[in-house]
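**Student:** Sequence lines, in order, name chains Y and A. Residue numbers for the first sequence follow my numbering, so the first one is 1 and each next one is one higher. Residue numbers for the second sequence follow my numbering, so the first one is 1 and each next one is one higher. Yeah, the Cβ is synthetic: ideal placement off N, Cα and C, and Gly gets one too. Structure incoming, see below.
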Amino acid sequence: MSTLEELKEAIIDGKAPAAKQLTERGLAEGIRAAEFFPGAIIPAMDEVGRRMRECEFFIPEVLIAARAARGATDILRPLLAGDPSVRPMGTVVCGTIKGDLHDIGKNIVAMMLESAGFRIVDLGVDVSPERLVDAVRREQADFVALSALLTTTMVNMKSAIEALASAGLREKVRVLVGGAPVTQAWAQSIGADGYGKDAVAAVELARQLVAPA
Amino acid sequence: MDPMPGAKLVEKGMHRIILKPTGVEVSAPSGSPLRDPLFEQGVEFPCGGQGRCRGCRIQVLEGQVQVNAAQRGQLSPDELAHGWRLACQCSVEGDLVIELRQWDAAILADETPFDFEPRPGLGVAVDVGTTTIVAQLLDLQTGSVLAVRTALNSQGRHGADVMSRIEYALSPGGLDELQHLIRRQVGALVRQLLLAARTPGQAVRNVVLVGNTVMHHLFSGIDVEPLSHFPFVPNRAGLEVFNAGELEWDLPSGVPVRFLPCLGGFVGSDILAGLLATRMGESEDLIALIDLGTNGEIVLGNRERILCASTAAGPAFEGARVSMGMRASAGAISQVELEDGRVKCHVLGNIEAKGLCGSGLVDAVAAGLDLGIILPSGRFADARSEWTLAPAVALTQSDVRELQLAKAAIASGLQLLREQWGGADPVRLYLAGAFGNYVNRSRARRIGLINYPPDQIQPAGNTALLGAKLALFGSDGVDGPGKEVGSYHALRRRVEHVSLSADPHFQDVFVQELGFSESAHNYQEEVAL
Numbered sequence: 001m002s003t004l005e006e007l008k009e010a011i012i013d014g015k016a017p018a019a020k021q022l023t024e025r026g027l028a029e030g031i032r033a034a035e036f037f038p039g040a041i042i043p044a045m046d047e048v049g050r051r052m053r054e055c056e057f058f059i060p061e062v063l064i065a066a067r068a069a070r071g072a073t074d075i076l077r078p079l080l081a082g083d084p085s086v087r088p089m090g091t092v093v094c095g096t097i098k099g100d101l102h103d104i105g106k107n108i109v110a111m112m113l114e115s116a117g118f119r120i121v122d123l124g125v126d127v128s129p130e131r132l133v134d135a136v137r138r139e140q141a142d143f144v145a146l147s148a149l150l151t152t153t154m155v156n157m158k159s160a161i162e163a164l165a166s167a168g169l170r171e172k173v174r175v176l177v178g179g180a181p182v183t184q185a186w187a188q189s190i191g192a193d194g195y196g197k198d199a200v201a202a203v204e205l206a207r208q209l210v211a212p213a
Numbered sequence: 001m002d003p004m005p006g007a008k009l010v011e012k013g014m015h016r017i018i019l020k021p022t023g024v025e026v027s028a029p030s031g032s033p034l035r036d037p038l039f040e041q042g043v044e045f046p047c048g049g050q051g052r053c054r055g056c057r058i059q060v061l062e063g064q065v066q067v068n069a070a071q072r073g074q075l076s077p078d079e080l081a082h083g084w085r086l087a088c089q090c091s092v093e094g095d096l097v098i099e100l101r102q103w104d105a106a107i108l109a110d111e112t113p114f115d116f117e118p119r120p121g122l123g124v125a126v127d128v129g130t131t132t133i134v135a136q137l138l139d140l141q142t143g144s145v146l147a148v149r150t151a152l153n154s155q156g157r158h159g160a161d162v163m164s165r166i167e168y169a170l171s172p173g174g175l176d177e178l179q180h181l182i183r184r185q186v187g188a189l190v191r192q193l194l195l196a197a198r199t200p201g202q203a204v205r206n207v208v209l210v211g212n213t214v215m216h217h218l219f220s221g222i223d224v225e226p227l228s229h230f231p232f233v234p235n236r237a238g239l240e241v242f243n244a245g246e247l248e249w250d251l252p253s254g255v256p257v258r259f260l261p262c263l264g265g266f267v268g269s270d271i272l273a274g275l276l277a278t279r280m281g282e283s284e285d286l287i288a289l290i291d292l293g294t295n296g297e298i299v300l301g302n303r304e305r306i307l308c309a310s311t312a313a314g315p316a317f318e319g320a321r322v323s324m325g326m327r328a329s330a331g332a333i334s335q336v337e338l339e340d341g342r343v344k345c346h347v348l349g350n351i352e353a354k355g356l357c358g359s360g361l362v363d364a365v366a367a368g369l370d371l372g373i374i375l376p377s378g379r380f381a382d383a384r385s386e387w388t389l390a391p392a393v394a395l396t397q398s399d400v401r402e403l404q405l406a407k408a409a410i411a412s413g414l415q416l417l418r419e420q421w422g423g424a425d426p427v428r429l430y431l432a433g434a435f436g437n438y439v440n441r442s443r444a445r446r447i448g449l450i451n452y453p454p455d456q457i458q459p460a461g462n463t464a465l466l467g468a469k470l471a472l473f474g475s476d477g478v479d480g481p482g483k484e485v486g487s488y489h490a491l492r493r494r495v496e497h498v499s500l501s502a503d504p505h506f507q508d509v510f511v512q513e514l515g516f517s518e519s520a521h522n523y524q525e526e527v528a529l
């Protein structure tokens, strides 16, 4: 098995120390930092997503796999900056909507997007429209990803999108929404650009939107 | 708390009736309709007791019940020969053991004996649950229960859980409608109690209601908007006092009606009442009270310090969001046992299994773990998608996942409260509510729902109702020396509400509690408990 294949397996199995070691070894073997993503990290997280969808993986397995992937990306990210061949996927500002404290689903989406090569700015939970607008402006975000788990808080997604519009930022970002009570129809009705029914769908959606027309 | 009362003396001219599968025992005068004691236990008579439907079918396991024309019209000769009868058409002529076809008696009343200071007149205690309501009429002189009435909360048509009630209450006219529904329904239950006890309302001195924070708000007409979002802090959560006149109830207009105060967040006076019932505030030992509902409430404390919290367990314990889940009614698998490595299901109502109720789900997963069909991660071992328990009932992979979420919410809640308390383990754990009463304690431990040995876990029944009864004997809401029993004001001031989701360790502990333990503890030895 090649180092990249071993790394892919280590991430799927959630072995963080092994993932770090294999990344170092791959770099020592002369593999370029950018090659780790299509060669190991992205296929590993795609496989994790597939297993999550089929109920084979549950929250703990997904979180430890994502932690292993992060071990690898933490080493690789500083090296990517100097590589002119790398096209950045973009910056995602994410958070759980104002009034809501549910964290885990949002964290899984953030880690999956990060493994897919996006730069993540996680604002945490109970994110007000003001904080969101500030972060989008400061980080020059390409995407906004918002989560809500309560029927009583998902209405605040609408206020968040309106706040982006009044700040003149709505045309600069793509807004993705998700969470248990959120539906495609509702996402359309509040003027979001996309709805992801789970973390896998969110990553697919973000990839489609970033792909050149 | 005091132990359950022993066998009751059956008066002369009275017959004893044992109801299966719960083993609840009631008595009724010779020659009286069987319908009366069953109705008090929450059994419904869909056609109004006219013998025109089969809804109140029972199976007579021991004793004799006569057959009439109406029963011959609804039941086949074969069914009659097997002891099937229509309860509404039967009268009580001797001692009976019966099992109900429609067993919806998961509504739990309370008959625990308690200490009290006798006082004149009658009192009414009401447990206003999100799903069910239980009301009891008490003789305040003797402490005896004169009548019991139960009902499904009539607000249920506007949503099953508290979040959907809040959503409805926030829609135009919603709060007024929900308030009107619950006030009218409790008023009707009070009227039925007086009718059943054949007593006029004049003697009633006092009415006490308990319920979670949302029920408190909806009964009192308080804005629920603060409960719809973080930080979930109610504006007004104290004692609410009404009089029977303003509620338009059939009682003397000056009778005080008190909805007891909430403890904080979603933790309401049903839990405050549970603290009165378990005497946590007087306890030397550290004890826990856990109410296993859609919103799980956990209290940990003793005479020195009491901490409470609520945790969103989701509806798996009530059989919802489980592929073949159902309420604890006829056809539900309520127990799963292993006999020589083979699965044996107990089905409520002794009919073919139709689904799985909360206690059956816990048992099934425990059995799956012991058989190695379910791995400690919760995954089915052989990549199967489901596990067949009975010809028409299977457990799916996502059902196991739903249970993992629910049990992790409770277990991590207790774990975090323990840490905040200083790390000590409770000596006793009381389980309140219907599910807590029926769930097998060894299996609850096997799946990591309650990580304590079964002999430390005590099903405590309807502690909300018992506490409401104790509050009837309190000194009318004024605390004085020596008025500890039923005195909720001082107790409430000592309870600290903890916001679990604001705890930085919450996610780590929750994720850790999602899995199952490898070993079965001393599960085999404890199975008998």
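1) For L263 (chain A), collect the residues of the same chain with a Cβ closer than 7 Å to its Cβ; drop the 5 residues on either side in sequence, then sort them by chain order.
2) Residues bridged to M14 (chain A) by DSSP?
3) Using only CA atoms, which one of Y:S115, Y:A116, Y:D100, Y:G117 lies nearest to L123 (chain Y)?
4) Note down the Cα distance separating D142 (chain Y) from L361 (chain A), rounded to an integer number of angstroms.
5) Would you check if there are 3 or more beta carbon pairs closer than 8 Å linking the region 126-137 of chain A to the region 465-476 of chain A?
6) Which residues of the region 98-120 of chain Y have a Cβ closer than 9 Å to any Cβ of chain A? Give them in chain order.
7) DSSP state of P256 (chain A), grouped into three classes?
8) Per DSSP, what kind of secondary structure is N302 (chain A) in: helix, strand or coil?
9) Assuming M154 (chain Y) and I97 (chain Y) are in contact, meaning their beta carbons sit under 8 Å apart, how far apart are those beta carbons, in whole angstroms?
10) Give the interface partners of D46 (chain Y) over in chain A, defined as CB-CB distance under 7 Å, in chain order.
11) Going by the beta-carbon positions, is the gap between N295 (chain A) and N212 (chain A) smaller than 8 Å?
12) Thinking just about the alpha-carbon of each residue, which of A:A288, A:V400, A:G274, A:M215 is nearest to the one in W421 (chain A)?
13) How about S310 (chain A) and F259 (chain A): do their beta carbons lie closer than 8 Å?
14) For E162 (chain Y), which residues in chain A fall below 7 Å Cβ to Cβ?
15) How many Å lie between L286 (chain A) and P113 (chain A) at the Cα?
16) Taking C-beta to C-beta, are G117 (chain Y) and M89 (chain Y) nearer than 8 Å?
17) Check the C-beta distance from V97 (chain A) over to L61 (chain A) and give it rounded, since I have them as a contact under 8 Å.
18) Verify whether the separation of the beta carbon atoms of I410 (chain A) and A313 (chain A) is less than 8 Å.
19) Buried or exposed for N68 (chain A), going by 16 or more other Cβ atoms inside 10 Å?
20) Mind checking E297 (chain A): buried by the 16 CB within 10 Å criterion, or exposed?
21) For E20 (chain Y), which of helix, strand or coil comes out of DSSP?
22) Are the C-beta of C55 (chain Y) and some C-beta of chain A separated by less than 8 Å?
23) Where L86 (chain A) and G73 (chain A) are concerned, what is the direct C-alpha to C-alpha distance, given to the nearest angstrom?
24) Looking only at C-alpha atoms, which of A:L247, A:G156, A:L140 sits nearest to R205 (chain A)?
25) Could you have a look at T388 (chain A) and say whether DSSP puts it in helix, strand or coil?
26) Quick check on the DSSP output: the alpha helix (DSSP H) that includes H82 (chain A) runs from which residue to which?
27) Taking all protein chains shown into account, do 16 or more other C-beta atoms lie within 10 angstroms of the C-beta of W103 (chain A), making it buried, or fewer, making it exposed?
28) Counting only runs of 3+ residues fully inside the region 157-198 of chain Y, write out the beta strand (DSSP E) ranges in chain order.
29) Only counting the same chain, and skipping five residues up and downstream in sequence, which positions put a Cβ closer than 6 Å to that of I108 (chain Y)?
30) Count the other CB atoms, across all protein chains shown, that sit within 10 Å of the CB of E282 (chain A); report buried if there are 16 or more and exposed otherwise.
31) Are the C-beta atoms of A190 (chain Y) and some chain A residue less than 8 Å apart?
32) In terms of alpha-carbon separation, which member of Y:K197, Y:A28, Y:R138, Y:E204 lies closest to E114 (chain Y)?
33) Return helix, strand or coil for D139 (chain A), following the three-state DSSP convention.
34) When you compare only the Cα positions, how much space is there between V48 (chain Y) and I42 (chain Y)?
35) Tell me the rounded alpha-carbon separation between R279 (chain A) and T131 (chain A).
36) If G14 (chain Y) sits next to I64 (chain Y), beta carbons under 8 Å apart, how far is it from one beta carbon to the other, in whole angstroms?
**Tutor:** So, to answer that:
1) Looking up residue 263 (chain A) in the second sequence gives position 263. I271, L272, C308, R492, V495, H497, listed in sequence order.
2) Here residue 14 (chain A) is taken as the residue at index 14 of the second sequence, counted from 1. Answer is A:P29, bridged to M14 (chain A).
3) One-based indexing of the first sequence puts residue 123 (chain Y) at position 123. The residue with the shortest Cα to Cα distance from L123 (chain Y) is Y:D100.
4) Working through the first sequence from its first residue, we reach residue 142 (chain Y) at position 142. Working through the second sequence from its first residue, we reach residue 361 (chain A) at position 361. Those two C-alpha atoms are separated by around 45 Å.
5) yes
6) K98, G99, D100, L101, H102, D103, I104, N107
7) As a first step, residue 256 (chain A) must be located in the second sequence, where it is residue number 256. Three-state result, P256 (chain A): strand.
8) In the second sequence, the residue the question calls residue 302 (chain A) occupies position 302. The answer is coil: DSSP assigns N302 (chain A) none of H, G, I, E or B.
9) Your numbering for residue 154 (chain Y) matches position 154 in the first sequence. Your numbering for residue 97 (chain Y) matches position 97 in the first sequence. With a Cβ gap of about 7 Å, M154 (chain Y) and I97 (chain Y) count as contacting.
10) By one-based count along the first sequence, residue 46 (chain Y) stands at place 46. None at all; the shortest Cβ gap to chain A is about 19 Å.
11) Here residue 295 (chain A) refers to the residue found at position 295 when the second sequence is read from its first residue. Here residue 212 (chain A) refers to the residue found at position 212 when the second sequence is read from its first residue. Yes; because the gap between Cβ atoms is below 8 Å, this pair is in contact.
12) Taking the second sequence and counting its residues from 1, one reaches residue 421 (chain A) at position 421. Of A:A288, A:V400, A:G274, A:M215, the residue nearest in Cα terms is A:A288.
13) Position 310 of the second sequence holds residue 310 (chain A). Position 259 of the second sequence holds residue 259 (chain A). No; because the gap between Cβ atoms is not below 8 Å, this pair is not in contact.
14) The residue labelled residue 162 (chain Y) in the question sits at position 162 within the first sequence. Correct list: empty, because the minimum Cβ distance to chain A is about 17 Å.
15) Within the second sequence, numbered from 1, the residue matching residue 286 (chain A) stands at position 286. Within the second sequence, numbered from 1, the residue matching residue 113 (chain A) stands at position 113. Answer to the nearest angstrom: the Cα atoms are 23 Å apart.
16) For the purposes of this step, residue 117 (chain Y) is taken as the residue at position 117 of the first sequence. For the purposes of this step, residue 89 (chain Y) is taken as the residue at position 89 of the first sequence. Yes. Within cutoff.
17) Within the second sequence, numbered from 1, the residue matching residue 97 (chain A) stands at position 97. Within the second sequence, numbered from 1, the residue matching residue 61 (chain A) stands at position 61. So it is a contact: roughly 4 Å between Cβ atoms.
18) Sequence index remark: in the second sequence, residue 410 (chain A) carries index 410 (1-based). Sequence index remark: in the second sequence, residue 313 (chain A) carries index 313 (1-based). Going by C-beta atoms, I410 (chain A) is nearer than 8 Å to A313 (chain A).
19) Locating residue 68 (chain A) in the second sequence gives position 68, counting from the first residue. By the neighbour-count rule (16 or more Cβ atoms within 10 Å), N68 (chain A) is not buried but exposed.
20) Within the second sequence, numbered from 1, the residue matching residue 297 (chain A) stands at position 297. Per the 10 Å Cβ criterion, buried.
21) The residue you call residue 20 (chain Y) lines up with position 20 of the first sequence. The sequence as given places Lys at residue 20 (chain Y); Glu does not occur at that position. In the structure shown, K20 (chain Y) sits in a helix (DSSP, three-state: H, G or I).
22) Counting from one through the first sequence, the residue named residue 55 (chain Y) turns up at place 55. Closer than 8 Å to some Cβ of chain A, the Cβ of C55 (chain Y) qualifies, so yes.
23) If you number the second sequence from 1, residue 86 (chain A) lands on position 86. If you number the second sequence from 1, residue 73 (chain A) lands on position 73. Looking at the two C-alpha atoms, the distance is approximately 11 Å.
24) The residue given as residue 205 (chain A) occupies position 205 in the second sequence. The option with the nearest alpha carbon to R205 (chain A) is A:L140.
25) In the second sequence, residue 388 (chain A) corresponds to position 388, counting from 1. Three-state DSSP puts T388 (chain A) in a strand.
26) In the second sequence, residue 82 (chain A) corresponds to position 82, counting from 1. Where H82 (chain A) is concerned, there is no enclosing alpha helix (DSSP H), given that its DSSP letter is neither H nor E.
27) Residue mapping note: residue 103 (chain A) aligns to position 103 of the second sequence, counting from 1. For W103 (chain A), the predicted model reports a pLDDT of 49, less than 50, meaning its position is unreliable; a value from the coordinates is still stated below. Its Cβ being crowded by 16 or more others within 10 Å, W103 (chain A) is buried.
28) 174-178
29) Translated into the one-based positions of the first sequence, residue 108 (chain Y) becomes position 108. The residues are V62, A199.
30) Here residue 282 (chain A) corresponds to residue number 282 of the second sequence, with the count starting at 1. With fewer than 16 other Cβ atoms within 10 Å, it is exposed.
31) By 1-based counting over the first sequence, the position of residue 190 (chain Y) is 190. Reading off the sequence, residue 190 (chain Y) comes out as Ile, not Ala. Not one chain A Cβ lies under 8 Å of I190 (chain Y).
32) Position 114 of the first sequence, counted from the first residue, corresponds to residue 114 (chain Y). When only C-alpha atoms are compared, the closest one is Y:E204.
33) The count along the second sequence starts at 1 and reaches residue 139 (chain A) at position 139. Correct three-state label for D139 (chain A): strand.
34) Position 48 of the first sequence, counted from the first residue, corresponds to residue 48 (chain Y). Position 42 of the first sequence, counted from the first residue, corresponds to residue 42 (chain Y). Between V48 (chain Y) and I42 (chain Y), the C-alpha separation is close to 10 Å.
35) Counted from its first residue, the second sequence places residue 279 (chain A) at position 279. Counted from its first residue, the second sequence places residue 131 (chain A) at position 131. Cα to Cα, the separation comes out at about 26 Å.
36) Position 14 of the first sequence, counted from the first residue, corresponds to residue 14 (chain Y). Position 64 of the first sequence, counted from the first residue, corresponds to residue 64 (chain Y). Indeed they touch by this definition, with Cβ atoms about 3 Å apart.
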